[in-house]
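Visitor: Mind having a look at this structure? Questions to follow.
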């Protein structure tokens with residue numbers, strides 16, 4: 775499956791917290807962190823393809839969408855907190871339970 779919708783991609787992957795962190799790190803750094811692969815998309819436009827490898831689900835990102843993704847996910851899924859702060863806190867809380 776391929777999509778350009780951030781929400782459809784997130785919902786289709788059903789990611790745990792560690793995978794969410796690796797996905798954000800992949801986007802933030804431009805380097806692949808398992809189970810995600812990031813590669814340039816030069817076929818149609820300048821941009822990127824983020825693939826969740828276990829399910830072969832891909833998010834096609836324009837250059838603008840690529841730059842916006844982190845702020846979108848922080849606002850939509852991490853209560854406006856930086857992704858690394860929020861996810862590390864959440865994993866620590868869950869580990870303590």
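In our numbering, the protein residues as written are 775 to 871. Note that the Cβ used here is the ideal one computed from N, Cα and C, for glycine as well.
#1: Expressed to the nearest angstrom, what Euclidean distance is found between the alpha-carbon atoms of residue 855 and residue 849?
#2: Quick check on residue 821: does DSSP put it in helix, strand or coil?
#3: Report yes if the C-beta distance between residue 807 and residue 790 is below 8 Å; otherwise report no.
#4: Looking only at its own chain, which residues have a Cβ that is under 8 Å from the Cβ of residue 777, when we skip the five neighbours before and after it?
#5: Taking Cβ positions, are residue 780 and residue 846 nearer each other than 8 Å?
#6: For residue 840, tell me which candidate among 858, 800, 775 has the shortest Cα-Cα distance.
#7: Which residues in the same chain have their Cβ closer than 6 Å to the Cβ of residue 865, if we skip the five residues on either side of it in sequence?
#8: In angstroms, rounded to a whole number, what distance separates the CA positions of residue 816 and residue 822?
Guide: According to the structure data:
#1: 7 Å
#2: strand
#3: no
#4: 783, 786, 831, 832, 833, 834
#5: yes
#6: 800
#7: 791
#8: 8 Å
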